[in-house]
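Trainee: Going down the list, the sequences are from chains A, B and C.
So for the first sequence, the numbering used here puts the first residue at 19; every next one is plus one.
So for the second sequence, the numbering used here puts the first residue at 75; every next one is plus one.
So for the third sequence, the numbering used here puts the first residue at 147; every next one is plus one.
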Amino acid sequence: MNEGIITAIRVVPLEHYVILSFLLFSIGIAGVVFRRNTIIILMCLELMFNSVNLLLTAFSAYHSDPRAQVFVFFIMLVAAAEVTVGLAILVMMKRNVDSVDVNQLNRLKW
Amino acid sequence: MVMTDLLAVLVPALPLAGAVLLSALRRKLSATVAGSIATALIAISFVATVILFSGFDTEAGGRTVRILDWLNITGMDIPLALRIDALSLTMMLIVTGVGALIHLYSIGYMHDDERAPTFFAQLNLFSFAMLMLVMGSNFLVTFIGWEGVGLCSYLLIGFWYTKPDYNYAARKAFVMNRIGDVGMVLAMALLFHFLGTLEYAAVMEQAHSIPAWGLLAITLLLFFGATGKSAQIPLFTWLPDAMAGPTPVSALIHAATMVTAGVFLVVRSSVLFDLVPYTRDVILWTGTATALLAATIGLFQNDIKKVLAYSTVSQLGYMFAALGMGAYSAAMFHVTTHAFFKALLFLAAGSVIHALGGEQDIRKMGGLKGSIKITFVTFFIGTIAISGLPLMSGFFSKDLILAHAFQHSPVAFGLLVFGAVLTTFYMFRLLFLVFYGTYRGKAHAHESPLTMTVPLMVLAVLSVVGGALNLPHLFGGHEPMKHFLESAAAAIRSEEIELSASTEWILMGITAVLVFTTIAFAYGRFVKRTTLEGDEADMPLLKRLIAQRWRVDELYAALFEKPYGWLSEHFHSIGELRIMVPLQNGVGEAALRVGNVVRKLQTGNASFHLLAMVAGIILFLVITLLSN
Amino acid sequence: MIAALLLLIPFLAATLLVVLRPTKHARSVALISSLATLVVVLMAWATYAGSPVVLADHDWVPAWGLRFVMGYDGVGLLMLILTAVVFPFIIGTKYGEKLQHPSLVNALLLYTQTFLLGVFMAQNALLFYIFYELTLIPVFFLLLYWGGERRRAITIRFFIYTLLGGLSLLFGIIYCMSQGPTMNSDFSALAALNLPIGVQHWLFWVLFLAFAIKLPIFPFHSWQPDTYTMAPMQGTMVLAAVMLKMGLYGVIKLVFPIVPDGVAFWRETVIALSLIGAVYGGIIAFRQWDLKRLIAYSSLSHVGLICAGLFAWNSYGITGSLYQAFAHSILVLCTLYLCSALKERVGSSEMGAMGGLKVRTPRLAALFLLVLLNAVALPLTQSFIGEWLMFLGLWQVHSWLAVVAVSTIVLGAIYMLYAYQRVMLGPDKWQLEMPDASNRDHLFLVTLIAITLILGVYPAPILDLVDPSVQLLLSSLP
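1) How is I158/B classed by DSSP in three states: helix, strand or coil?
2) Helix or strand or just coil, what does DSSP make of V199/C?
3) How big is the Cα-Cα spacing for F374/B and Q306/B?
4) Compute the beta-carbon to beta-carbon distance between I458/B and L504/B, rounded to the nearest angstrom, for a pair I have assumed lies under 8 Å.
5) How should K379/B be labelled, buried or exposed, when 16 other C-beta atoms within 10 angstroms of its C-beta is the threshold for buried?
6) Could you give the residue range of the beta strand (DSSP E) that holds T138/B?
7) What does F123/A reach in chain B if we use C-beta pairs closer than 9 Å?
8) Name the chain B residues whose beta carbon is nearer than 8 Å to that of I47/A?
9) Tell me whether N212/B sits in a helix, a strand or coil according to DSSP, three-state version.
10) Could you pull the DSSP bridge partners for G217/C from this structure?
11) Is the beta carbon of T170/B less than 8 Å from the beta carbon of V85/B?
12) For I697/B and I422/C, I'd like the C-alpha separation in whole angstroms.
13) In the DSSP assignment, what residue or residues form a beta bridge with P153/B?
14) Could you tell me which of A551/C, S447/C, S467/C sits nearest to A521/C, measuring between CA atoms?
15) Going along chain A in order, which residues have a C-beta closer than 8 Å to the C-beta of L685/B?
16) Grouping DSSP H, G and I as helix and E and B as strand, with all else coil, what is E496/C?
17) Can you look up E273/B in the DSSP assignment and give me helix, strand or coil?
18) Please list the partners that R113/A has in chain B, where partner means a Cβ-to-Cβ separation under 7 Å.
19) Could you confirm whether any beta carbon from chain B is found closer than 8 Å to the beta carbon of R491/C?
20) I need the straight-line Cα distance from L516/C to A263/B, nearest angstrom please.
21) For M580/C, which residues of its own chain have a beta-carbon under 6 Å away from its beta-carbon, when the five flanking residues on both sides are left out?
22) Are L199/B and W220/B touching if we call contact CB-CB under 8 Å?
23) Along chain B, which residues have their Cβ under 9 Å away from the Cβ of V120/A?
24) How would you write the range of the alpha helix (DSSP H) that N520/C sits in, first residue to last?
25) Could you pull the start and end residues of the alpha helix (DSSP H) that G311/C belongs to?
26) With a CB to CB cut of under 6 Å and the five nearest residues on each side skipped, what residues in its chain are close to R137/B?
27) Report buried or exposed for M147/C, applying the criterion of at least 16 other Cβ atoms within 10 angstroms of its Cβ.
28) To the nearest angstrom, how far is it from the Cα of F694/B to the Cα of L684/B?
29) Judging by CA-CA distance, which residue of I319/C, M267/C, M376/C is the nearest neighbour of G211/C?
30) Of all the options G456/B, A665/B, I218/B, which has the alpha carbon lying nearest to the alpha carbon of L519/C?
31) Counting Cβ pairs, one atom from each stretch, are 3 or more of them under 8 Å apart for the region 526-536 of chain C and the region 396-406 of chain C?
32) Rounding to the nearest angstrom, what Cα-Cα distance links S162/B and K636/B in this structure?
33) Going by Cα to Cα distance, which pick from T123/B, H557/B, Q622/B, A422/B is closest to S568/B?
34) Is W541/C close to chain B, meaning its C-beta is less than 8 Å from at least one C-beta of that chain?
35) Any residues in the region 79-93 of chain A with a beta carbon nearer than 8 Å to a beta carbon of chain B? Which ones, in chain order?
36) Please list, in chain order, the residues of the region 523-541 of chain C that have any C-beta partner in chain B closer than 7 Å.
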């Protein structure tokens, strides 16, 4: 990675990255748990992914270890795939029950 | 030397071969041929025994003939081996000798039975087992015979298997014998535990090293085993029922041989019994009690064979009483004479039954002395022999026991004399009711064929002269049988009668007078006027109790048989069906129920699941943090 | 070589049957295979010199401690002989003929035999476990598809119950491996573990539970009567004559060497339970009306005694128990065969439908009687040797235990004679026309009875086989 970018990242103290990631992750969790709209839930999932990505990048820069960034790419890849599936489910859901409320999906039980 | 070993093996092997041969060919042989083969084989056995006997040197002691390694593992060496000594020879002579006569008799008796070959096969098998019993060189080989005779007894009692009563009697005999066998097995286990061997010779040598409690336990257990086989209190009720078998069986198994196995066993292990006076007291009083109990029951029985059966139980009681007093040779003497006269009585009774076409009720007999003369004479001889009329064989053997009793315990003496009086009474009642007076039945009596009467005559002669086998000093003899047996059992040497000659004469006089008085009384009661027992319901209480055999059978039925059946049913209906099965199914049902409760958590509501997941993660985090 | 032959002969024959599905010659193929197995085992016996034999020793999955170690000592060889002797009879029995899909039945039987032989040759605990559980699969199908009334419920109960015990055993084996220096589950490695006493106390039950259920001993027996009654005759024969003996073998190979202190601690409890079972089963058998159920309860009684003898844990007890195990196998074959023979003639195994059959079938009655002699352990039959040794062994543990054990000889006599009377004796109750024992009946029963009598008179072949191994086993214990 470019030395300049690393110095730029290191301008901000590590704690701030951690706190920011924590906040983003918490927002994501809260959204997943408390919102009923499936689109919002999917977006909140993405938010959590990104908070983790952010943290990985920050640690990577601070520890001068590029391996974490490889993971970030993996995660982005997986997230993209997952969103595809998720949106497909969403479309099917809209077609079948005419709603995107997640609580409509309560037939998945015993 | 090899020759005698071969002979010794041959003695039990011949009847065994006969049993195998006859049961294999049982469909192809006629009754007479099968009977002849069986008789010939046992007769050859007898001859072999006689040769062994004549070549036997009492000075040299016994010989052991090892046939085969049987149980041979680390710490245990129990061979299949035979022992030839004075004791086994005595018993072998009885078993093969009396056995051969009874086989011969059976040819005539079983002539018309279509399953006669099977009968002879089983009779031969019995002879084999009985010979193993008396010839075994260790307890376990004796036990082979011990169980074997039990089996044959079972088979022969239930020989006419289509009658449920007979089957029940057979089963009863086997099970009661088995109960006794528990004692025998435990005694053997205990002996082996202490000594590491079951060879008679070794056990007798090392007997002193067994601790006192062990000796007590062993002797009591052995005696318990003996009560089963020899029909003593408490296990005597099977023997009268065993009369369901054909009469030759009753004569051979249930009078002459098998039932004396208990006596034989005690004499065999007399060294052990000599060390434990307490057990001997138990034996003495059990024997005396049995002698009296059975004699009283014999007074009012109406079945000719039942009377003889109770008489057998009673006489066995005498033998055990003798054993209890340490008079082992006296007991063996009585075994021998009893084998003669009781076999004779049974066979003669069989001849009567044969003559009357199967009738056994003495109330329907009477006046037969004219029509079946040989049977009458021999039966008469048997009766006076068992009653102990002077100079008969029973007189010497019973008097010897009575003399020992007088010396040992006056109470026992009194009771046994009383028993002898009862014996005389019921035997003469039987004799008079069957042969005197007028005939009360319908069948036409006819004398039995020669095969049946010849054994009767031989046995009658033996019953008369059998006393000579052990003629006491008083009559100029020198007790040959006792001296012969001394070489086999050391305990016999110490058994002496220390009464003066005059005392002995007086004792004999007393019994003789009592016996004659009783005969006179019986004559008045049964010949002058024929007194028949009426209905049981009309009898006074005590008499009814006795006529109903002291209700011991009913007692046992109430105490053991019924509770056992109840237990069997309820173990199944309650133990299995109400406890075990529900318990097992309960485990499955519990799993189902827990599942029923827990599955409610699975609401299918996605946000609830997500909430639960997050809560779980947080909980996990908290636990991890706290535990560090 | 021997290991390969023993595993391959039945396995290939079975696979052949499954693939080709011949209906006509299925039984002949199976019979030839089982006889070939018998020949191999007898050759192994002839060459056995008294010391343990190793047949194969390969790594398989070293990370799990699973190694392919095969071999046998006297005890194992006895079990191999037992399996090899019993199977030709099970396959050849006349009453296996009428089942549907004979090729499948015979294939399942041969698979069972393969796995059983594997169990008795395995010298590695995990390998043992794998074979031990594999035996369950063919038997499961045998019971499920060829069983009688309520076969689904009973088979599944049997399966789950046995599997439960098996899992407990697996857990125990894994635990033992984790305690060792290397992940090695060879019997020899596990025997050298020397676990602490506290551990041994609970580990004993973890290991023993599987065998307690398989045998079964008293409180774990409730699967047994139903299963024996419902199973097709050959299935019951396999269960009672061979599979049950895996329990005994497992105790000797796994429980005794690994947790000796646990055995010492629980021994009297196990003996007491076994004897309760022996008495309990013996008493119940008396009033049973179904012959097969009577056999099931009498088996419970016999096995209780065998297990008690085993846990006497001395040379007489163990030798007697193994001897009696052999005798019991032969006995069950005979009794079950008789039961089927009667069922074929009468149409039911209810004794109420019988009675007085001796009038019509005297030869069958005579055979029944000879079998009965062995069942009540009369001297000069095989059972007597075993029982006598077990009584001695138990006596050394505690005299009262021996008293209870010996009293079972009375119970046996009571129910067997009563059964014989109800079936054979008495008046000809139903006047049914029926054939007497055929030549094939004779071939089957007389051979087995002959084995019984020969080994009762001359037990040396088996005793000499077992005795050194038992001494070795005992000498290695503290």
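Glycine included, C-beta positions come from ideal geometry on N, C-alpha and C.
A quick note: this is a predicted structure, and the numbers were derived from the prediction, not measured.
Mentor: Checking against the coordinates, here is how it stands:
1) Strand, per DSSP.
2) strand
3) 20 Å
4) Between I458/B and L504/B the beta-carbon gap is near 12 Å, outside 8 Å, which marks them as no contact.
5) buried
6) Secondary structure note for T138/B: its beta strand (DSSP E) is the uninterrupted segment 137-147.
7) Sequence check: residue 123/A is Leu here, not Phe. Ordered by position in chain B, the residues that pass the 9 Å Cβ test against L123/A are G678, N679, A680.
8) Neighbours of I47/A on chain B, chain order: V688.
9) strand
10) V200/C
11) yes
12) The straight-line gap from Cα to Cα measures roughly 48 Å.
13) D143/B
14) S447/C
15) V51
16) strand
17) In this structure, E273/B counts as strand in the three-state DSSP scheme.
18) What R113/A touches in chain B: nothing, since even the nearest Cβ is about 18 Å away.
19) no
20) 27 Å
21) R491, R506
22) Cβ atoms of L199/B and W220/B: not closer than 8 Å.
23) N679, A680, S681, L684
24) 508-521
25) 297-325
26) I158
27) With fewer than 16 other Cβ atoms within 10 Å, it is exposed.
28) 15 Å
29) I319/C
30) I218/B
31) no
32) Straight-line Cα distance between these residues: approximately 41 Å.
33) H557/B
34) yes
35) Going along the region 79-93 of chain A in chain order, one finds no residue with a Cβ nearer than 8 Å to chain B.
36) Hits within the stretch, in order: L524, P525, L526, I531, F537, L538, W541.
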